[in-house]
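Notes for the one structure printed next.
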Amino acid sequence: MPEIEITEIAPLSPAQQSVANCHSLLNLYNVLREELGQLGREMTGDPALLAAGLGECARRVERLTEHGAAMHDAVHVHDLEALVRGEIDLHRAAHGPTGAGAAAATCAQLDVIFWILSVRARELVARVADPGHVAPLAIAELELDLQEFFRALEQHSRGRYRFVYNLAVQEAHDYYVDLRIQSTRSSGLVLPTLLRDTLRDLIANARKYTPPGGQLRVALHSSPAGFRCVVEDTGRGIPAGELAEVVKFGRRGSNVSDVRSYGAGCGLTKAVLATRQFGGRFWIGSELGRGTRVRLWLPQLHGAQATMPALQD
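Structure, rendered in structure tokens:
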């Protein structure tokens, strides 16, 4: 599979930087909008029924380009939940309960979304307060974090696909996940907090451009020689000549215009800048019809704080 190293990337504008920092929230706001439209259809046949919640999600998405406003919304993420739940209660009173059937399942989806949103908002606030934070992390904790992420993706699919961790049980609409994490440290890994968020972005990209029935491989290894990470898929791949382009903010491969996205096309951009922030290296390889592989390396990090500059160039 052809592979190139990304050695430079254009600096982001302040608005782009803010969106990249808040990329996980952008995805969740858009997912929430979709679920609110679905709930409206299930309750009364009107996807615009929950107009206040839909409008607040749209407002928050627009405000992601302004750092101060985006952070204010992250700190007050529970205000969004209170607004949505209050609006749902009003319509329950007017149109009847949502305690059974499809509407009940969607309400359960909302519970998961709001829980994840609160966690990601707290993580974002902590990262912005300390952009270079590096912390020890037990392998079991990271495995659990990633498995919970896969479960959330699976639940949002509403049965369209599953994730399995044993190739022998993979069925036609399952993704086989090969997840391997190793460290020469008995205590586990020492990772930048930012990298955990970046890793989720890379995995989400791999899933998005790989049809059900494919494979996702996620491998991490920490040693005195540094930290290595590989995220590889068996998806549609990136056209030759576009590898250096898809890492730029807002760029996607020319062959994926039919794939729905909840983000801003900056997952790879964020990964490149995060790798550079901690003095690392970044490679991307791909082949049409075979898949895509992202590799990164970071030097061994010690202590609680990196000495590299923050994410913005």
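All residue numbers for the sequence shown refer to the numbering used here, where the first residue is 14 and numbers rise by one.
We put the beta carbon where it would ideally sit given N, CA and C, even for glycine.
Since the structure is predicted, the reported quantities are computational estimates derived from the model, not experimental observations.
Worksheet entry | Buried or exposed by the 16-neighbour rule on C-beta atoms within 10 Å, applied to Pro-27 | exposed
Discussion item. As an exercise, report each continuous alpha helix (DSSP H) stretch of at least 4 residues that is fully enclosed by the region 146 to 190, in chain order.
Written reply: 152 to 169
Discussion item. By the DSSP assignment, the beta strand (DSSP E) with Ile-17 in it spans what residues?
Written reply: 16 to 18
Item to complete: Just confirm the distance between the C-beta atoms of Thr-206 and Ala-148, as a whole number of angstroms; I'd bet it's less than 8 Å.
Response: 6 Å
Worksheet item: Beta carbon of Gly-81, beta carbon of Leu-67: below 8 Å?
Response: no
Practice prompt. Measure the C-alpha to C-alpha separation of Leu-208 and Tyr-178 and round it to an integer number of angstroms.
Written response: 23 Å
Worksheet entry | Of the listed residues Leu-52, Leu-212 and Gly-226, nearest to Gly-114 (C-alpha basis) | Leu-52
Item to complete: Specify the secondary structure class of Phe-295 as computed by DSSP and reduced to three states.
Response: strand
Worksheet item: With Arg-175 and Glu-245 assumed to form a contact (beta carbons below 8 Å), what rounded beta-carbon distance in angstroms separates them?
Response: About 20 Å; that fails the 8 Å criterion.
Discussion item. Let me confirm a value: Arg-133 is counted as buried when at least 16 other C-beta atoms fall within 10 Å, else exposed. Which label applies?
Written reply: buried
Discussion item. Which residue wins for smallest C-alpha separation from Met-84, given the options Arg-303, Gly-145, Asn-34 and Ser-270?
Written reply: Asn-34
Worksheet item: Closest to His-36 by CA distance: which of Ala-87, Asp-59, Pro-15 and Glu-16 is it?
Response: Ala-87
Worksheet item: Nearest to Arg-2 by CA position, among Glu-55, Ala-142, Ser-274 and Ala-277, is which residue?
Response: With the chain represented from 14 up to 326, any question about residue 2 goes unanswered, as that position is not in the structure.
Discussion item. Which residue marks the beginning of the alpha helix (DSSP H) containing Thr-206, and which one marks its end?
Written reply: 206 to 221
Worksheet item: Can you tell me where the beta strand (DSSP E) with Ala-232 in it begins and where it stops?
Response: 228 to 236
Item to complete: Leaving aside the five residues before and after Asp-6 along the sequence, list all residues of the same chain whose C-beta is less than 7 Å from its C-beta, in chain order.
Response: Limits of the chain in this structure are 14 at one end and 326 at the other, which puts residue 6 out of reach.
Worksheet item: Are the beta-carbon atoms belonging to Leu-150 and Leu-192 less than 8 Å from one another?
Response: no
Fill in: Proximal residues to Val-272 (C-beta, below 7 Å), its chain only, five neighbours per side dropped
Lys-221 and Tyr-222
Worksheet item: Where does Leu-256 fall in DSSP's three states?
Response: coil
Fill in: N- and C-terminal bounds of the beta strand (DSSP E) containing Arg-249
That residue, Arg-249, is in no beta strand (DSSP E); it is neither H nor E in DSSP.
Discussion item. Please list the terminal residues of the continuous beta strand (DSSP E) segment that includes Gly-304.
Written reply: 304 to 311
Worksheet item: Within this structure, are the beta carbons of Gly-298 and Glu-16 separated by less than 8 Å?
Response: yes
Worksheet item: Would the beta-carbon of Pro-252 fall within 8 Å of that of Ser-270?
Response: no
Worksheet item: Starting from Thr-119 and walking both ways along the alpha helix (DSSP H), at which residues does that stretch end?
Response: 114 to 142
Item to complete: Compute the Euclidean distance between the alpha carbons of Ala-65 and Asp-187, then round it to the nearest angstrom.
Response: 36 Å
Fill in: Beta-carbon proximity of Leu-25 to Phe-262, cut-off 8 Å
yes
Worksheet item: Which of helix, strand or coil does DSSP assign to Glu-300?
Response: strand
Worksheet item: With a CB to CB cut of under 6 Å and the five nearest residues on each side skipped, what residues in its chain are close to Trp-296?
Response: Glu-16, Glu-18 and Arg-308
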